[in-house]
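Read the structure below first, then the notes.
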Amino acid sequence: MAHYRVFISVSFYAYIWAFLRTSTASSHSTDIYCLKSIEDSVEDPDNLLRSSWNFNNDSDGFICSFTGVQCWHPNENKVVSLSLPKMKLKGRFPRGIENCTSLTGLDLSGNEFQGPIPLDIGKRMPYVTRLDLSFNKFSGEIPSSIANCSYLNDLNLENNELTGRIPQQIGQLDRIKTFSVANNRLSGQVPNFAKGSIPAENYANNMGLCGGPLEECTKPRKINWKVIGYTLSAASVMVVLACCVPWVRVGEKKKRRITAAEIIILMIGRKNKKREDELEDGFAMIEVQQETEISRLEKFVTRMSYIDLSYATQNFSQHNIIGHGQMGTMYKATLPNGWCLAVKRLHDSQQFEEQFISELKTLARFRHDNLIPILGFAIELKERLLVYKYVSNGNLFDWLHSAEDKKKILEWPLRMKIAVGLARGLAWLHHRNRFRLAHLNINSKSVLLDKNFEPKLSNFGRARISSPIETELWESSFLKEDVYNFGIVILELIKGKQLTSSDSSERSLEEYTSNISTSSASSLYDAIDTCLIGKGHDDEIFQLFRIACNCVEHLPERRKNMLEVYEMIKDVKRHKSSHNDPQKSVESKIVSPNFRDE
4 MAHYRVFISV SFYAYIWAFL RTSTASSHST DIYCLKSIED SVEDPDNLLR
54 SSWNFNNDSD GFICSFTGVQ CWHPNENKVV SLSLPKMKLK GRFPRGIENC
104 TSLTGLDLSG NEFQGPIPLD IGKRMPYVTR LDLSFNKFSG EIPSSIANCS
154 YLNDLNLENN ELTGRIPQQI GQLDRIKTFS VANNRLSGQV PNFAKGSIPA
204 ENYANNMGLC GGPLEECTKP RKINWKVIGY TLSAASVMVV LACCVPWVRV
254 GEKKKRRITA AEIIILMIGR KNKKREDELE DGFAMIEVQQ ETEISRLEKF
304 VTRMSYIDLS YATQNFSQHN IIGHGQMGTM YKATLPNGWC LAVKRLHDSQ
354 QFEEQFISEL KTLARFRHDN LIPILGFAIE LKERLLVYKY VSNGNLFDWL
404 HSAEDKKKIL EWPLRMKIAV GLARGLAWLH HRNRFRLAHL NINSKSVLLD
454 KNFEPKLSNF GRARISSPIE TELWESSFLK EDVYNFGIVI LELIKGKQLT
504 SSDSSERSLE EYTSNISTSS ASSLYDAIDT CLIGKGHDDE IFQLFRIACN
554 CVEHLPERRK NMLEVYEMIK DVKRHKSSHN DPQKSVESKI VSPNFRDE
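Read left to right, the sequence shown gives residues 4 to 601 (the numbering used here).
So, in structure tokens, the structure goes:
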């Protein structure tokens, strides 16, 4: 194992680089230099780059607003993806790309780049998962080092002027989902991909490709000594039969000789038939496997190595446990370079299989700042692992309900920040134009807090996605259940204590909040965490309490929807300090470009 193996499979490091914000300021400057070198090395006849790429700035994340540049976090100068299609750019492959050290996606398609693809492209872009150089004028051979881009999912080199043979090593890229070299000048045998097959049209219009889905490559005919042996042996038998049994009538001789020949044919044919049957059975098995749910999941999120994750958690040591839940146990995983992940190991129970798949599909398709980012999953026999970005401040429950000797103080401004962020995330989930999602498992344990105390909603195992034609039943039965549970979390934020089982039933909770709201001011203070009283936030606390009271109304139709709740909470915060929450339209917060329809 050279350097542990390439640690964490699939596009593991690629996604790690994209999600984890642990790079130093000096490493951020390399990405700025990367973009500068690209701008300097290409011709930009329509001034599309230079009109947007203004480097006269030193603020955090300023390059993230550049045309074609995507950063995972808007306040960090760390480029994750560079997409510059159809911009009429000219020149050679931009070698400065190696300074974008977190790059996982590069799209230069539809331009006029020319010359060879760098021989060391695998070294320059080691973590790339998507590479699209199609519809350019790249020439020369495809470098074999591209096979070192071991996290590649999509490789598109079609419509160029590439020559020579396709490196067979590319077939070893076991994560490839799409590969196309159509409309080039390539020849020779196509790679034998270990996983799946590439359609014939992806090799179309080349000079002489063969193998795989194309015509079989012609090879010098090999002498099959076994067949010759069978034939000679059978011929000997025929000679013996002809010479040693002369009294047999001609008709019988003929019959016996035909029978011997038939035996030879059956011996050879039966062996070939058996081989063909084995191949057909193998292909049938592959087709079945490709239709399994697990294979479909890989279209949504990255599959990782169970062995590597086990290693990163020290074989799921109890010392690395950071939380327990109904579905499983959460572990802290540490990579050799010090980066951290959160790995949820599901309990060994069939009942969680559906929740495992639900969480994967949900978090893979829905991306938002207030949802926990999922990095991947792993499956090994009965083991099921979910891999997330590690959030350093744990969950809200532990902050509010820690033991007295380990008491954590959560001041009101942070509690208000958590309420706003959680409401924003739920409003986004509930009020998508095309899809709406009900979480159905909201509580203080499912609210995680990053290093800046920005809330991240997790535990989507029970989530349900609606279609645009869902009836009002969806609103009253599922979305309003989320509103109710959100109200309980807000009451916990205010009270600083977990509501008792008698309080948290719908009818009892409505009576509890109603009694407090209509009682004296002293009763209202009894419902507030004592550490918050008298610090200048009382009015804001009371207003948020009233919003929470509406959320826990017994009748669902009397509860506000999450978009209305979010607006009300924003108004409370805006009233207190307008400069802390800039005026932004609901649409700009609710509709996010990070959502992917798949």
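For each residue, glycine too, the CB sits at the ideal point set by N, CA and C.
Backbone secondary structure at R224 - three-state DSSP: Here residue 224 is taken as the residue at index 221 of the sequence shown, counted from 1. Note that R224 has pLDDT 45, beneath the 50 cutoff, so the model's placement of it is unreliable and no number is given.
Residue nearest to R95 in terms of C-alpha spacing, selected from P121, D110 and L109: Translated into positions along the sequence shown, residue 95 becomes position 92. Nearest option by C-alpha distance: P121.
Reference N546, options V575, H327, S40 and N444, closest by Cα: Position 543 of the sequence shown holds residue 546. The sequence shown places Gln at residue 546, rather than the Asn named in the question. Of the candidates V575, H327, S40 and N444, the one whose C-alpha sits nearest the C-alpha of Q546 is V575.
Where P194 falls, given that 16 or more other Cβ within 10 Å makes a residue buried: Residue mapping note: residue 194 aligns to position 191 of the sequence shown, counting from 1. The residue in question, P194, is buried, as its Cβ has 16 or more Cβ neighbours within 10 Å.
Three-state class that DSSP yields for S188 in the structure shown: Counted from its first residue, the sequence shown places residue 188 at position 185. Per the sequence shown, residue 188 should be read as Arg rather than Ser. If DSSP states are grouped into helix, strand and coil, R188 belongs with the strands.
S105 versus E383 - alpha carbon distance: As a position in the sequence shown, residue 105 is number 102, starting the count at 1. As a position in the sequence shown, residue 383 is number 380, starting the count at 1. Distance between the alpha carbons of S105 and E383: 29 Å.
Same chain, Cβ closer than 6 Å to F438, neighbours up to 5 away in sequence not counted: On the sequence shown, position 435 is the one that residue 438 refers to. Closer than 6 Å at Cβ, skipping near neighbours: I468.
Per DSSP, cross-strand counterpart(s) of R133: Against the sequence shown, residue 133 aligns to sequence position 130. Answer is G108 and D157, bridged to R133.
Pairwise C-alpha distance: A203 and E218: As a first step, residue 218 is located in the sequence shown; it is residue number 215 there, counting from the start. As a first step, residue 203 is located in the sequence shown; it is residue number 200 there, counting from the start. In a straight line, the C-alpha of E218 is about 10 Å away from that of A203.
Exposure label - C103; buried when at least 16 CB within 10 Å: To locate residue 103, count along the sequence shown from 1; it is residue 100. Buried, by the Cβ-count rule.
Own chain partners of I173 with C-beta closer than 6 Å, once the 5 adjacent residues on each side are dropped: Taking the first residue of the sequence shown as position 1, residue 173 is located at position 170. Correct list, in chain order: A150 and P194.
Reduced DSSP category for P399 - H, G, I as helix; E, B as strand; rest coil: For this step, residue 399 is matched to residue 396 along the sequence shown. This sequence places Leu at residue 399; Pro is not what is there. In the structure shown, L399 sits in a helix (DSSP, three-state: H, G or I).
Coil, strand or helix - L388 by DSSP: Within the sequence shown, the letter at position 385 stands for residue 388. Three-state result, L388: strand.
Collapsed DSSP secondary structure at C67 in the structure displayed: Numbered from its first residue, the sequence shown carries residue 67 at position 64. Of the three classes helix, strand and coil, the one that applies to C67 here is helix, per DSSP.
Where F141 falls: helix, strand or coil (DSSP): One-based indexing of the sequence shown puts residue 141 at position 138. F141: strand per DSSP, three-state reduction.
Alpha-carbon spacing of I360 relative to G537, whole angstroms: The residue labelled residue 360 in the question sits at position 357 within the sequence shown. The residue labelled residue 537 in the question sits at position 534 within the sequence shown. Near 47 Å, if we compare the C-alpha coordinates of G537 and I360.
Which of helix, strand or coil DSSP assigns to G167: The residue given as residue 167 occupies position 164 in the sequence shown. Of the three classes helix, strand and coil, the one that applies to G167 here is strand, per DSSP.
C-alpha gap between S14 and K498, whole angstroms: Taking the first residue of the sequence shown as 1, we reach residue 14 at position 11. Taking the first residue of the sequence shown as 1, we reach residue 498 at position 495. No answer about S14 holds up, because its pLDDT of 47 lies below 50 and its placement is not dependable.
From N156, R133, N139 and L160, residue whose alpha carbon lies closest to that of R146: Residue mapping note: residue 146 aligns to position 143 of the sequence shown, counting from 1. Note that residue 146 is Pro in the sequence shown here, rather than Arg. Among N156, R133, N139 and L160, the Cα nearest to that of P146 is on L160.
8 Å Cβ cutoff met for A315 and A336: Residue numbering aside, residue 315 sits at position 312 when the sequence shown is read from its first letter. Residue numbering aside, residue 336 sits at position 333 when the sequence shown is read from its first letter. In contact: A315 and A336 (Cβ atoms closer than 8 Å).
Top-ranked residue by Cα proximity to L92, from G108, N50 and P119: Translated into the one-based positions of the sequence shown, residue 92 becomes position 89. For the residues G108, N50 and P119, the minimum Cα distance to L92 belongs to N50.
Cα-Cα separation, V82 to A367: Start at 1 with the first residue of the sequence shown, and residue 82 comes out as number 79. Start at 1 with the first residue of the sequence shown, and residue 367 comes out as number 364. Distance between the alpha carbons of V82 and A367: 21 Å.
The region 384 to 395 / the region 483 to 492 touching (three or more Cβ pairs under 8 Å): no
V423 vs K573 beta-carbon contact at 8 Å: Looking up residue 423 in the sequence shown gives position 420. Looking up residue 573 in the sequence shown gives position 570. In contact: V423 and K573 (Cβ atoms closer than 8 Å).
CB-CB length for N163 against N187, believed under 8 Å: Residue mapping note: residue 163 aligns to position 160 of the sequence shown, counting from 1. Residue mapping note: residue 187 aligns to position 184 of the sequence shown, counting from 1. Their Cβ separation, rounded to whole angstroms, is 6 Å, which keeps N163 and N187 in contact under 8 Å.
Per-residue DSSP class, three states only, for F489: Taking the first residue of the sequence shown as 1, we reach residue 489 at position 486. Correct three-state label for F489: helix.
Where T181 sits in the DSSP three-state scheme: Here the question's residue 181 lines up with position 178 in the sequence shown. It is a strand residue.
Beta-carbon gap between I41 and I66 smaller than 8 Å: Your numbering for residue 41 matches position 38 in the sequence shown. Your numbering for residue 66 matches position 63 in the sequence shown. The answer is no: Cβ separation not under 8 Å.
Residue of V72, L363, L388 and P416 minimising C-alpha distance to M333: Here residue 333 refers to the residue found at position 330 when the sequence shown is read from its first residue. Nearest option by C-alpha distance: L388.
Whole-angstrom distance between T70 and G167, CA atom to CA atom: What you label residue 167 is simply residue 164 of the sequence shown in a count that begins at 1. What you label residue 70 is simply residue 67 of the sequence shown in a count that begins at 1. Cα to Cα, the separation comes out at about 35 Å.
Cα-Cα separation between V304 and I179, rounded to whole angstroms: Your numbering for residue 304 matches position 301 in the sequence shown. Your numbering for residue 179 matches position 176 in the sequence shown. Cα to Cα, the separation comes out at about 14 Å.
Any 3 or more C-beta pairs closer than 8 Å across the region 411 to 418 and the region 432 to 451: no
Identity of the residue in L136, C152 and L176 nearest I184 by Cα: In the sequence shown, residue 184 corresponds to position 181, counting from 1. Here the sequence assigns Val to residue 184, which means Ile is not the residue at that position. When each option's Cα is compared against that of V184, the closest is L136.
Neighbour-count burial assignment, L141, 16 or more Cβ in a 10 Å radius: Position 138 of the sequence shown, counted from the first residue, corresponds to residue 141. The residue you asked about is not Leu; residue 141 is Phe in the sequence shown. It is buried - the Cβ of F141 has at least 16 other Cβ atoms within 10 Å.
Host alpha helix (DSSP H) of M307 (start-end): Indexing the sequence shown from 1 puts residue 307 at position 304. Careful: M307 lies outside any alpha helix (DSSP H) and carries neither H nor E.
Exposed unless 16 or more other CB atoms sit within 10 angstroms - verdict on G310: Residue 310 sits at position 307 when you count from the first residue of the sequence shown. Note that residue 310 is Ile in the sequence shown, not Gly. Answer is exposed; the Cβ neighbour count stays below 16.
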